[in-house]
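If you want full-length UniProt numbering, it's the 1-based position in the sequence shown plus 2. Report on the structure given below.
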Amino acid sequence: AAEEEAWVTLATNDTYALGALVLAHSIRSAGTSRRLVALVTPGVTMAMRDQLSGTFDLVQMVNVLDSGDTANLALLTRPDLGVTFTKLHCWRLTQFSKCVFLDADTLMLHPCDELFDREELSAAPDAGWPDCFNSGVFVFRPSLETYQKLLTFAVSHGSFDDWATKDISRHLPFIYNMCSTATYSYLPAYKKFGETVRIVHFIGATKPWLQPFDSETRKVRVSADQEHQRMLLQIWWDIFCYHVHPHLS
Ligand code: UDP
Ligand code: MN
Numbered sequence: 003a004a005e006e007e008a009w010v011t012l013a014t015n016d017t018y019a020l021g022a023l024v025l026a027h028s029i030r031s032a033g034t035s036r037r038l039v040a041l042v043t044p045g046v047t048m049a050m051r052d053q054l055s056g057t058f059d060l061v062q063m064v065n066v067l068d069s070g071d072t073a074n075l076a077l078l079t080r081p082d083l084g085v086t087f088t089k090l091h092c093w094r095l096t097q098f099s100k101c102v103f104l105d106a107d108t109l110m111l112h113p114c115d116e117l118f119d120r121e122e123l124s125a126a127p128d129a130g131w132p133d134c135f136n137s138g139v140f141v142f143r144p145s146l147e148t149y150q151k152l153l154t155f156a157v158s159h160g161s162f163d164d165w166a167t168k169d170i171s172r173h174l175p176f177i178y179n180m181c182s183t184a185t186y187s188y189l190p191a192y193k194k195f196g197e198t199v200r201i202v203h204f205i206g207a208t209k210p211w212l213q214p215f216d217s218e219t220r221k222v223r224v225s226a227d228q229e230h231q232r233m234l235l236q237i238w239w240d241i242f243c244y245h246v247h248p249h250l251s
């Protein structure tokens, strides 16, 4: 049932929380029958958690410093796993039967509820290394057992798996996690498929909220080498101005 399925994102600080707010509004505007969940750590202020509660159906605190937690022990031996590790908390949302995780730096442009027909673990290829999946968008089934297994696996093996070779039905089309820089690197493909892009991912350094913005004209400023990303960055800022900024105190 739709109420047992959810979109899930993560923020460990107020900056990423702004991304999460814009993402949530983009999902609502695109249209969905599923719930919206934000995982937050204590690094997100109370004021921002209130903001998130106004937009998400559930704001779930995940405490990375929970002592006695096997998760925490694992983290101590592999501090490099930081945020990756925090993402794994999404498998603990066992009140839901199926979820889709979205990075806080993603934006939904068209309805994507059909992703809930996919199985765990479905994800799109990484634009930089297509034999790996990109963890910015993935379909999963919450389960404490899986959570423990992933944790153990991540600590001992790093984050690689057999996604590339196991089952092609677990490969999501690139339009569900289009790296925003692909608009430049793969211009002919972007011209052909750009209209069909459903979720864009502002991977790497060009985070929309770090972009200079003119509050008078309400236009994002981009450098010459970011020109191709202007339209997508402007969509992010339009949602921010219209849905998010008016409610921030
Ligand atoms: N994240 C966060 N705080 C951080 C870094 C990352 O909350 O300081 C979360 C956020 O949901 C983010 C995701 O982890 O979208 C992955 O990080 P990021 O998107 O920065 O990595 P990239 O997609 O650029 O590789
Ligand atoms: Mn990301």
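Heads up, the beta-carbon is just placed ideally off N, CA and C, and yes, glycines get one too. Just so it is clear, the structure is predicted and the values come from calculations on it, not from any experiment.
The alpha helix (DSSP H) enclosing residue i, as first and last residue numbers
i, result
"H27", "16-32"
"S187", "184-187"
Span separating the alpha-carbon of residue i from that of residue j
i, j, result
"S171", "D163", "16 Å"
"H230", "E147", "43 Å"
"A4", "F140", "18 Å"
"Y244", "W238", "10 Å"
"C134", "A166", "6 Å"
"A106", "V42", "11 Å"
"D68", "R51", "A caution first: D68 carries a pLDDT of 47, below 50, which makes its placement in the model too unreliable to give a value."
"F242", "L212", "13 Å"
"R223", "D169", "42 Å"
"F195", "T208", "22 Å"
"P44", "C181", "29 Å"
"residue 2", "R94", "The chain is shown from 3 up to 251; residue 2 falls before or after that span and cannot be answered."
"R220", "P248", "13 Å"
"E197", "W131", "24 Å"
"P214", "P175", "31 Å"
"K89", "D240", "28 Å"
"H91", "D216", "37 Å"
"T96", "Y18", "24 Å"
Residues that DSSP places opposite residue i in a beta bridge
i, result
"T11", "A40"
"F142", "C101"
"A125", "F140, H173"
"L181", "Reading off the sequence shown, one finds Cys at residue 181, where the question assumed Leu. Bridge partners of C181: H203."
"residue 269", "Lying outside 3 to 251, the shown extent of the chain, residue 269 is not represented and no answer is given."
"F135", "P127"
Whether residue i touches residue j by CB criterion (9 Å)
i, j, result
"S145", "T86", "no"
"F142", "C101", "yes"
"L250", "P210", "no"
"L23", "Q53", "yes"
"Y178", "C114", "yes"
"V46", "N15", "yes"
"E6", "F98", "yes"
Residue range of the beta strand (DSSP E) that includes residue i
i, result
"L60", "60-63"
"T57", "First-last for T57: 48-57, but that is the alpha helix (DSSP H), not the beta strand (DSSP E)."
"I170", "From DSSP, I170 is part of no beta strand (DSSP E); its letter is neither H nor E."
"L235", "Unbroken run through L235 is the alpha helix (DSSP H), 232-241; no beta strand (DSSP E)."
"residue 260", "Residue 260 cannot be examined here, being either before or after the span of the chain that is shown, 3 to 251."
"V202", "201-203"
Any chain B beta carbon closer than 9 Å to residue i
i, result
"P190", "The structure shown contains no chain B; it is built from a single protein chain."
* Contact between the region 198-215 and the region 143-158: three or more CB pairs below 8 Å? -> no
* Should the region 177-186 be called in touch with the region 215-231, which here means at least 3 C-beta pairs below 8 Å? -> yes
* Are the region 5-22 and the region 38-56 touching, with three or more C-beta to C-beta distances below 8 Å? -> yes
* Touching or not, the region 54-62 and the region 116-130, by the rule of three or more beta carbon pairs under 8 Å? -> No, they do not touch.
* How do the region 125-135 and the region 17-36 stand: do at least 3 beta-carbon pairs fall below 8 Å, yes or no? -> no
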